[in-house]
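Every number in the working numbering is 21 more than the matching position in the sequence shown, counting from 1. Read through the structure below, which is laid out as structure tokens, and then see the notes.
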Amino acid sequence: MTANIPVHKISNAEFRKFLEKYTLHAVPSESTLRKTYINDCYDECMSEIRQYITGNKIWVSIDETTDVEGRYIANVVVGTLLSDGPGKIFLLTTEVLEEANYSTITKLFDNAIFLLWPNEPILTRWRTWIEATSYYCKYFSKIRDVVRQFDPIDAISIKKTQNLVNQRSMEPNLIFIDSNYGFLPTKIKQLETQGVKLSKTIKEITQTKKKIEEVSSEVGVAIQKKLRCVLEKNRGFETMMKISMILTGDSESMDGLPEELTGDDLKFYKYAPMTSTDVERSFSRYKIFYRIIVVHLK
Numbered sequence: 022m023t024a025n026i027p028v029h030k031i032s033n034a035e036f037r038k039f040l041e042k043y044t045l046h047a048v049p050s051e052s053t054l055r056k057t058y059i060n061d062c063y064d065e066c067m068s069e070i071r072q073y074i075t076g077n078k079i080w081v082s083i084d085e086t087t088d089v090e091g092r093y094i095a096n097v098v099v100g101t102l103l104s105d106g107p108g109k110i111f112l113l114t115t116e117v118l119e120e121a122n123y124s125t126i127t128k129l130f131d132n133a134i135f136l137l138w139p140n141e142p143i144l145t146r147w148r149t150w151i152e153a154t155s156y157y158c159k160y161f162s163k164i165r166d167v168v169r170q171f172d173p174i175d176a177i178s179i180k181k182t183q184n185l186v187n188q189r190s191m192e193p194n195l196i197f198i199d200s201n202y203g204f205l206p207t208k209i210k211q212l213e214t215q216g217v218k219l220s221k222t223i224k225e226i227t228q229t230k231k232k233i234e235e236v237s238s239e240v241g242v243a244i245q246k247k248l249r250c251v252l253e254k255n256r257g258f259e260t261m262m263k264i265s266m267i268l269t270g271d272s273e274s275m276d277g278l279p280e281e282l283t284g285d286d287l288k289f290y291k292y293a294p295m296t297s298t299d300v301e302r303s304f305s306r307y308k309i310f311y312r313i314i315v316v317h318l319k
């Protein structure tokens with residue numbers, strides 16, 4: 022890939038013979054390379070780019086063209102600005118646009134920047150919202166200084182953002198969230214881990230609940246009330262807690278468990294998942310698969 026050789030070339034019989042002859046190793050198929058290696062190569066490349074540009078001033082350039090099929094193809098290039106010479110230049114991303122206008126280019130710019138600094142909240146993942154809050158809390162003064170330099174006449178979004186960062190309550194609110202709930206992303210990530218014992222998952226949830234109950238402010242009490250409401254409505258959670266206590270030897274009673282559950286059934290709950298993370302992962306795989314199909318059909 023670093024030699025700019027398309028992956029599909031590996032399917033060429035003569036090319037495969039050449040590689041196998043001089044490397045003395047079996048050459049994996051194109052599909053194996055795409056499934057097993059390309060994502061790792063991409064992550065490694067992005068990590069190197071982030072590491073290089075961190076702490077440096079950067080420039081970003083975006084341009085679009087049409088390919089032989091008439092699609093709008095846009096490239097985003099990022100480079101560093103150094104005082105003692107030219108910096109390195111990287112192709113950050115390439116995307117197919119539905120149209121080439123200010124709206125799609127702006128969205129592409131946002132997506133590209135978040136590839137470098139992935140702190141944009143994802144709507145269905147609460148962990149990323151809190152991580153974003155912690156990030157803005159840490160760099161709030163710098164972000165505010167940059168936002169204030171923009172001209173509010175250029176876009177409504179700039180004006181709204183300036184109004185937000187100029188609110189006196191913004192920074193204190195960020196500090197409150199980060200100091201009292203900044204631990205949640207780590208806990209959520211632990212709950213997302215596959216292959217964990219039920220007892221450990223229950224322990225993480227219980228510890229999280231106790232820590233949330235330590236916040237005595239009006240907002241903290243409201244959050245505690247919401248958490249209790251969610252747990253009380255989830256009758257299955259209480260059942261899982263009772264099963265966990267039996268499995269760990271902390272309970273000697275089957276009272277409160279559904280009648281259809283037998284002692285033999287309970288042993289299969291030792292590694293039972295407590296979250297819908299695997300479903301979320303399946304959605305992600307579906308989106309990637311669907312995107313690949315659409316590209317090939319076009």
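Beta carbons are placed, not taken as given, at the ideal position from N, Cα and C, and that holds for glycine. Every value quoted in this text rests on a predicted model; they were computed, and no experiment measured them.
Use the C-beta contact count for residue i: other C-beta atoms within 10 angstroms, 16 or more gives buried, fewer gives exposed.
i, result
"residue 174", "exposed"
"residue 263", "buried"
"residue 127", "exposed"
"residue 162", "exposed"
"residue 123", "exposed"
"residue 32", "exposed"
"residue 280", "exposed"
"residue 176", "exposed"
"residue 35", "exposed"
"residue 151", "buried"
"residue 45", "exposed"
Using a Cβ-Cβ cut-off of 7 Å (strictly less than) and excluding sequence neighbours within five positions of residue i, which residues of its own chain qualify?
i, result
"residue 296", "212 and 213"
"residue 289", "none"
"residue 306", "Confidence at residue 306 is low in this model, with a pLDDT of 47, below 50, so the placement of that residue should be treated as unreliable; the coordinate-derived value is given next. So the list is empty, once near-sequence residues are dropped."
"residue 234", "245"
"residue 155", "199 and 203"
"residue 304", "Annotation note: pLDDT 46 at residue 304 (below 50); position unreliable, no value reported."
Go through its chain and collect everything with a Cβ distance to residue i's Cβ below 6 Å, but skip five positions before and after it.
i, result
"residue 121", "85 and 93"
"residue 29", "51"
"residue 125", "118"
Quick check on the DSSP output: the beta strand (DSSP E) that includes residue i runs from which residue to which?
i, result
"residue 116", "107-118"
"residue 78", "78-87"
"residue 98", "93-102"
On the premise that residue j lies in contact with residue i, defined as a C-beta separation below 8 Å, what is that separation, rounded to the nearest angstrom?
i, j, result
"residue 195", "residue 157", "6 Å"
"residue 148", "residue 232", "Their Cβ separation, rounded to whole angstroms, is 16 Å, which puts residue 148 and residue 232 out of contact at 8 Å."
"residue 10", "residue 268", "As displayed, the chain neither begins before 22 nor continues past 319, which places residue 10 out of reach and without an answer."
"residue 260", "residue 248", "At roughly 18 Å, the Cβ-Cβ gap does not stay under 8 Å, so residue 260 and residue 248 are not in contact."
"residue 130", "residue 83", "6 Å"
"residue 134", "residue 100", "About 14 Å; that fails the 8 Å criterion."
By Cβ distance below 8 Å, which residues in the same chain neighbour residue i in space, the five residues on each side in sequence not counted?
i, result
"residue 216", "292"
"residue 183", "168, 169, 171 and 173"
"residue 54", "28 and 31"
Go to residue i, then tell me how far its alpha helix (DSSP H) extends in each direction, as first and last residue.
i, result
"residue 225", "219-233"
"residue 261", "256-268"
"residue 284", "284-287"
"residue 170", "Counting along the chain, residue 170 falls outside any alpha helix (DSSP H), and DSSP gives it neither H nor E."
"residue 67", "59-74"
"residue 194", "191-202"
"residue 184", "177-186"
Between the segment 102-118 and the segment 165-174, do at least 3 Cβ pairs fall closer than 8 Å? The segment 102-118 is not in contact with the segment 165-174.
Pair every Cβ in the segment 238-245 with every Cβ in the segment 217-226, then say whether three or more of these pairs are closer than 8 Å. Look at the beta carbons and you see the segment 238-245 not touching the segment 217-226: under three pairs across the two are nearer than 8 Å.
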